[in-house]
Structures are given as C-alpha cells and as structure tokens.
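If you use my numbering, the sequence shown corresponds to residues 154 to 307, in order.
See structure below.
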Amino acid sequence: MAIEILQDDLASTQVHALINEHLNGMHGSSPPGHVNALAISSLQDPSVTFWTAWIDGNLCGCGALKQLDSRTGEVKSMRTRPAYLGMGVGQSILDRIMLTAIERGYSRLLLETGTGPSFEPAHRLYQRNGFEWSGAFGDYTATDFNVFMVKRLG
154 MAIEILQDDL ASTQVHALIN EHLNGMHGSS PPGHVNALAI SSLQDPSVTF WTAWIDGNLC
214 GCGALKQLDS RTGEVKSMRT RPAYLGMGVG QSILDRIMLT AIERGYSRLL LETGTGPSFE
274 PAHRLYQRNG FEWSGAFGDY TATDFNVFMV KRLG
C-alpha cells in the first residue's frame with residue numbers, strides 16, 4: 154500500500170470535507186476558544202503550503218507548512234482519517250513537511266497542538282521525529298489546553 158502525498162490547492166469538495174472533519178475534531182477535543190486550526194481560507198494563504206495524502210485513490214489525510222519567516226516554518230492542519238490510523242499517513246505527511254522545510258533552508262519547525270488523550274498520538278509522532286517541548290511562539294498564548302514543540306533543522 155503506497156501513500157501518495159500531493160500538494161493541493163484545496164479546491165475539491167473531498168478536501169473541504171476533510172478540513173471540516175479536522176475542524177470538527179479539534180472543536181470536539183478542545184474547550185471553546187482554544188482551537189487554533191486553520192479554516193480553508195487561511196490554508197489558501199500564500200504563506201501556507203498544503204498537502205493531501207492518498208491511498209488507492211482515497212483521501213486519507215492532510216497537513217500544511219506555514220512560513221513564519223525566512224528561517225522558520227510551522228506545522229499546521231495535520232489530520233489522518235480514522236480508517237487510516239496506524240498506516241503511516243501522519244508520518245508520510247510530516248516527512249513531506251520536514252523535507253520541504255529543509256529544502257527552503259529553514260532552521261527550525263514549530264508547532265502548537267492540544268492536550269489530552271486525543272492529542273497523545275500526535276505528541277508521540279512529533280517526539281519520534283525529533284520535536285521537543287518548547288514555549289509559546291508568535292501570537293499563541295500558553296494555556297492548560299495547548300502545548301508547543303520545536304524541531305531544529307540542520
């Protein structure tokens with residue numbers, strides 16, 4: 154089973170459904186006012202590169218890289234559909250994000266994500282890939298409901 158990662162323009166109804174699924178999942182796992190997931194219009198910003206993951210023609214996940222400055226990127230909108238959990242979709246998307254960050258000459262990748270049991274698989278994925286706990290960055294505010302991570306790049 155091959156996972157195909159494609160840069161996507163977010164134009165298809167399939168991708169819109171996946172983003173809505175992602176946003177609903179984030180709102181269902183986080184208290185009101187504590188979701189920092191990007192809506193479709195924000196994912197279409199020129200500072201964001203968005204990818205989708207496909208297995209046998211089926212949309213199974215997504216992820217994005219937002220340029221914060223010339224040396225820093227932020228991992229955004231990582232999502233694997235439930236039917237594809239444990240198949241390497243998240244890892245494949247994260248690999249594409251990290252490779253692109255290196256190709257762009259970024260010195261670090263940052264991310265913000267939630268806390269609690271539903272976010273623990275994501276924490277493990279990021280830690281396996283060299284991300285470490287860090288403090289808040291940019292416009293984010295640290296709360297009991299979010300955590301921050303950083304990965305230094307060669």
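Note that the Cβ used here is the ideal one computed from N, Cα and C, for glycine as well.
The model shown is predicted, which means the values in this text are computed figures rather than measured ones.
Rounded to whole angstroms, what is the Cα-Cα separation between G210 and R234?
Counting from 1 along the sequence shown, the entry for residue 210 is found at position 57. Counting from 1 along the sequence shown, the entry for residue 234 is found at position 81. When rounded, the distance between both Cα atoms is 14 angstroms.
Can you give, in chain order, each stretch of the beta strand (DSSP E) that sits fully within the segment 173–259 and has at least 3 residues?
The segment 173–259 contains these whole beta strand (DSSP E) runs: 201–208, 211–222 and 225–233.
Using 8 angstroms for Cβ pairs, my map puts F203 next to C213. What's the rounded Cβ distance?
Counting from one through the sequence shown, the residue named residue 203 turns up at place 50. Counting from one through the sequence shown, the residue named residue 213 turns up at place 60. Incorrect: roughly 15 angstroms between the Cβ atoms, too far for contact.
Could you check if S230 is buried or exposed, using at least 16 other CB atoms within 10 Å of its CB as the buried criterion?
Position 77 of the sequence shown holds residue 230. Label assigned to S230: buried.
Leaving out five residues on either side along the sequence, give the residues of the same chain with a beta carbon under 8 angstroms from the beta carbon of L163.
Counting from 1 along the sequence shown, the entry for residue 163 is found at position 10. Within the same chain, L163 has close Cβ partners H169, I172, I193, L196, Q197 and F203.
Are the beta-carbon atoms of Y259 and G226 separated by less than 8 angstroms?
On the sequence shown, residue 259 is found 106 positions in, with the first residue counted as 1. On the sequence shown, residue 226 is found 73 positions in, with the first residue counted as 1. Cβ distance < 8 angstroms, so Y259 and G226 count as in contact.
Quick check on the burial criterion: 16 or more other C-beta atoms within 10 angstroms. Buried or exposed for D161?
In the sequence shown, the residue the question calls residue 161 occupies position 8. Buried, by the Cβ-count rule.
What does the alpha-carbon distance come out to for the pair S165 and T205?
Residue 165 sits at position 12 when you count from the first residue of the sequence shown. Residue 205 sits at position 52 when you count from the first residue of the sequence shown. Roughly 11 angstroms separates the two Cα atoms.
Rounded to whole angstroms, what is the Cα-Cα separation between Q220 and F298?
By 1-based counting over the sequence shown, the position of residue 220 is 67. By 1-based counting over the sequence shown, the position of residue 298 is 145. C-alpha separation (whole angstroms): 24 angstroms.
Tell me, to the nearest whole angstrom, how far the beta carbon of T266 is from that of V303; I am working on the premise that it is less than 8 angstroms.
As a position in the sequence shown, residue 266 is number 113, starting the count at 1. As a position in the sequence shown, residue 303 is number 150, starting the count at 1. Not a contact, Cβ separation roughly 12 angstroms.
Considering only the alpha carbon of each residue, which of A254, R261, D292 and R224 lies closest to A217?
Counting from 1 along the sequence shown, the entry for residue 217 is found at position 64. Minimum Cα distance to A217 is reached at A254.
Nearest CA to the CA of L158: which residue from L252, R224, S271 and E285?
In the sequence shown, counting from the first residue as 1, residue 158 sits at position 5. Correcting the residue identity first, residue 158 is Ile in this sequence and not Leu. If we check each option's Cα against that of I158, L252 comes out closest.
Mapping the DSSP letters down to three states, classify T268 as helix, strand or coil.
For this step, residue 268 is matched to residue 115 along the sequence shown. Coil, per DSSP.
Could you compute how far the alpha carbon of F290 sits from the alpha carbon of W207?
Position 137 of the sequence shown, counting from 1, holds the residue named residue 290. Position 54 of the sequence shown, counting from 1, holds the residue named residue 207. If I take the Cα positions, the gap works out to 32 angstroms.
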